[in-house]
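Down below is the structure, laid out as C-alpha cells.
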Amino acid sequence: MNDNTQNVLSMQNVIMQFGGVRAIDGLSLEVNKGEIVALIGPNGAGKTTAFNCITGIYTPTSGMVSFNGKNLKGISPDEITKLGIARTFQNIRLFSNLTVFDNVLIAKHLRAKDNVFTATLRLNLAEEKRMREETAQLLKEQGLYELKDEIASSLPYGLQRHLEIARALATQPELLLLDEPAAGMNPQETQELTDFIVKIRDQYKLSIFMIEHHMDLVMQISERIYVLNFGKLIAQGNPDEIQSNPEVIEAYLGGSEDA
Amino acid sequence: MGPNRMINKEKRRNCICTLILIAAVLGICGFLEANKYSYSYAISIIERSMVYAVVAVSMNLVNGFTGLFSLGQAGFMALGAYVTAIFTIPVGQRPSVYYISGINPAIANIQLPIIVALILGGLVAAGVAALIGFPVLRLKSDYLAIATLGFAEIIRACIAAPQFDTITNGSYGLKSIPGFTNIFQPLALSVICIGLMVLLINSSFGRMFKAVREDEIAAEAMGINLFKTKELSFVISSFFAGVSGGMLAMFMRSIDSKTFQVALTYDILLIVVIGGIGSVTGSVIGAFIVTAGRELLRFFDEPLMLGGVQVPLFRPGFRMVIFSILLMIVVLFYRKGLMGTNEFSWNGIFDFFKHPFKKKSKKMEGKA
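Residue numbers (the numbering used here), protein chains in the order written: chain A, 260 to 518; chain B, 3 to 370.
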C-alpha cells in the first residue's frame, strides 16, 4: 500500500509453536516509518506472542522478523532494544521499588560508554551527567519531573502507565511497541492517552505498533489495523475497512462454532 | 528562614557529625591499639566483625542488590584465604607447616607482600566465580542457592583433598600465617573494600543490578543484558569474598578447610538478614551485632550461683539458645532486618530522635 515509504518492521510468515499449540500461524505484517499501526483480536489470539517474537523474548519457530531490513533472528532482547525497538508491557513492569527518576535513568544506560571500573571510580562523570540531564529533560517533557523522587509503585495506575512509556522512550527507540496501553483506563483517561500517543509519535519521530482493546482509541488514531484470531491474520486495512469486515465482527462477537 | 538555608544547615550538621564519627572510630581504635594487651579480647571481636562486614556486604551485593540467591560465599572465602595464606607464610617457616608431604617446589619460594596476596586471593576467587557463573547463573532463586552451595562445598573438598597436599596441606591446614600487626590494618582494608562496593552500588552499574533485581524481563527490555549483569555482580561479589577470606586467614593465623564449611555461609547470611537485605549499613551493623552478641553472651555459659543455688540452665552451650531466641525476636519484629533497605543517614537519625514513634520519613525510604 505505501510502496514509497520505508517499512521499519516486517514479519513474514512467522509461526510460533509451543508444543502442539500454534500461538501464531503464518503472520505477515509490516509497520512503515511514522505510522501508527494496531494489532487487535480477541483474548488469546496471539497478540502478545507476536510482540514477544519481535522483541526477541521468543524465537519464532519459522518465518522472519526484520527491523529496518535487518533480520532479528538470534538477537537477544537487550540487543534488539539497542537497535531501536522499545516496548511496554500488558501488566505494568516498572522497577517498582526504585524512584521515578531511577526508572528512566536505568534505561538511559543503554547507550552509555563506560565500564564497571570507570563507573565505580567515578571516572565517567561526563557520561553520568549526560544521562542524568537527558533523564531530567525527558521527565520534564513528559510532565513527570515533579514526581521524580517518588517510588514507582506508589504512583497511581495511570501515571505508572505513563512512566512505563517514558521509560521506553528513554531508550531512544525508532519503533515503540505498546501492549494494551489503555488497559484499565476510564474513557477520559483513554482519550488523553489517544492524544498522547499521537503527540509522542510526532515529537520523537516514532513508528508505533500497538495492541489495544479500546476500539475508540484504535479507530481514532491507527492508520492501519491488523486483526488476529487464533494466531491467524483474518483481516487488515484502514479503520473503516476493519469496522465493516464481517469476519472481524464475527471474531469479536463470537461465531456459531466457538465461544 | 528559607528552605535553602535549612538544607545548608542540615548539610553542615551532617558533615560535623560524620567528622565526629570518624574521629570517634579512630580514637577508639587508637585507644585499643595503645592498650592492646589489656583489651585483646575486644580487639579480636572487632577485627572479626570487620572481616565479616566485608563478606556480608559482598553477599548483600549479590543477594540484596542483584536479587540472586547465592550461597557460595564460604567457598570463595576459602579460595581467598588459602591463596593469601600460601603466599604470605614466611619461606623459612614453610618446612614446619608442610611437615607431612612437603611443599610443591613451584610455590616453595614465592612470598608476596600481604596486599598483593590479598588481591591475588580475590582475583582467584573472582576467576573461579566467573567459571561457575556460566552454568549456575542460568538458574533462579532456590535452584541457584543449591547450586552455589554445592560449588562452595566442592571448592572446600578440593582444598582438603590429599592430591593437593603439597599446595594446601590437605586436611592439616595452614598455620604461621602472618596476622594483622595492628587494628588499623583490618580497619583500612574493610573501609576500602566496603567503600568500593558502595561506590559500585551507587554507580550506573549498581542501578543495573537493581533493575535486574526488580524485574528481569523489564530490565532486558531496557537493553540490559541479564547474563552479563548477573555475572558481573557475582564475580565482583566473589572478589570481595575472596579478599575477606584472606583477611580472615590473617585474623585467625591458622586455617583449615573446616573453617569454610557451609556453617560459615549461614553465619554471613544471618548477618545480611539481620542487618537488612539490600542495606550496606545494615550488613555492617549486623556483622558487629552478630559477632559481638555471640561473644558477650558467653556469660550464660558459665555456672551461675543465685543465693547458694546453682541456676540449672546456665551451662556451656546455653548462650546459643539465648542467641537463637534473640535472632527469632529480631526476625519477628523487624521482618526486613534492622535497616530494611534503608541506608544510614544523619537526617534519618535526627528524625528518629525528633519523632521516635512516627513512621520513618520519606527521606530515608527508597535510598537503596
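All C-beta atoms, glycine included, are put in the ideal place defined by N, C-alpha and C.
query = Taking C-alpha atoms, which residue in B:Gly319, B:Ile196 and B:Met249 lies nearest to Gly181 of chain B?
reply = B:Met249
task = Look up Ala132 of chain B in the DSSP assignment and say whether it is helix, strand or coil.
result = helix
key: Any chain A beta carbon closer than 9 Å to Thr68 of chain B   = no
query = What in chain B is Cβ-close to Val337 of chain A, meaning under 7 Å?
reply = The sequence as given places Asp at residue 337 of chain A; Val does not occur at that position. Neighbours of Asp337 of chain A on chain B, chain order: Glu222, Gly225, Ile226 and Asn227.
inquiry  = Counting beta carbon pairs with one atom in the region 191–209 of chain B and one in the region 375–384 of chain A, are three or more of them shorter than 8 Å?
reply    = yes
Nearest-angstrom Cα separation, counted from Ala494 of chain A out to Asp373 of chain A = 47 Å
message = Measuring alpha carbon to alpha carbon, tell me which residue in A:Glu448, A:Asn445 and A:Arg352 is nearest Ser412 of chain A.
response = A:Arg352
inquiry  = Let me see if you follow: with CB-CB separation under 9 Å, is Leu403 of chain A close to chain B or not?
reply    = no
task = Find the nearest neighbour of Gly66 of chain B within the set B:Ile45, B:Phe211 and B:Ser192, judged by alpha-carbon distance.
result = B:Phe211
request  = Would you mind stating whether Ser285 of chain B and Ala55 of chain B have Cβ atoms separated by less than 9 Å?
outcome  = yes
request  = Tell me, please, which residues DSSP counts as bridged to Tyr485 of chain A.
outcome  = A:Leu298 and A:Gln495
Leu384 of chain A and Phe360 of chain A closer than 9 Å at C-beta = no
query = Got a sec? Which residues, its chain only, sit under 7 Å from Gly315 of chain A by beta carbon, not counting five neighbours each side?
reply = Leu331, Ile334, Ser335, Pro336 and Ile339
request  = Spell out whether any CB of chain B is found under 9 Å from the CB atom of His368 of chain A.
outcome  = yes
ask   = Does any CB atom of chain A fall closer than 9 Å to the CB of Thr283 of chain B?
value = no
inquiry  = For a cutoff of 9 Å on Cβ pairs, would you count Ile219 of chain B as touching chain A?
reply    = yes
ask   = Can you name the start and end residues of the beta strand (DSSP E) that Gln263 of chain B belongs to?
value = First-last for Gln263 of chain B: undefined, no H or E at that position.
ask   = Along chain A, which residues have their Cβ under 9 Å away from the Cβ of Arg140 of chain B?
value = Within 9 Å Cβ-Cβ: nothing; Arg140 of chain B doesn't reach chain A, min ~14 Å.
inquiry  = Please tell me whether Lys458 of chain A has its Cβ less than 9 Å away from any Cβ of chain B.
reply    = no
key: Test: Val290 of chain A CB closer than 9 Å to a CB of chain B   = no
message = Going by the DSSP bridge assignment, what does Arg7 of chain B pair with across the sheet?
response = Beta-bridge pairing links Arg7 of chain B to no other residue.
query = With burial defined as no fewer than 16 other Cβ atoms inside 10 Å of the residue's Cβ, what is the status of Cys312 of chain A: buried or exposed?
reply = buried
Below-9 Å beta-carbon distance, Ala190 of chain B vs any chain A residue = no
key: Interface residues of chain A facing Arg317 of chain B [CB-CB closer than 9 Å]   = Within chain A, no residue comes near Arg317 of chain B; the closest Cβ sits about 46 Å away, beyond 9 Å.
task = Could you tell me if Arg158 of chain B is buried or exposed, where buried requires 16 or more neighbouring beta carbons within 10 angstroms of its beta carbon?
result = buried
query = Looking at the C-beta of Ala442 of chain A, does it have a partner C-beta in chain B at a distance below 9 Å?
reply = no
task = Consider the Cβ of Thr168 of chain B: report whether some Cβ of chain A lies at a distance smaller than 9 Å.
result = no
Beta carbon of Ile424 of chain A nearer than 9 Å to that of Phe455 of chain A = yes
request  = Taking 8 Å as the threshold, find out whether the region 12–30 of chain B comes into contact with the region 153–170 of chain B through three or more Cβ pairs.
outcome  = no
inquiry  = With the cut-off set at 9 Å, would you say Phe89 of chain B and Gly247 of chain B are in Cβ contact?
reply    = no
key: Residues sharing a beta bridge with Ile316 of chain A, DSSP   = None; Ile316 of chain A has no bridge partner.
task = State yes or no: is the beta carbon of Leu465 of chain A nearer than 9 Å to at least one beta carbon in chain B?
result = no
message = Does the CB of Phe348 of chain A have a neighbour CB from chain B at under 9 Å?
response = yes
ask   = Using a C-beta to C-beta distance shorter than 9 Å, which residues of chain B count as neighbours of Ala378 of chain A?
value = Leu201, Leu202, Ser205, Ser206, Phe207 and Gly208
ask   = To which residues does DSSP link Glu12 of chain B through a beta bridge?
value = Its beta-bridge partners do not exist; DSSP assigns none.
key: Neighbour list for Asp373 of chain A in chain B, Cβ cutoff strictly below 9 Å   = Ser205, Ser206 and Phe207
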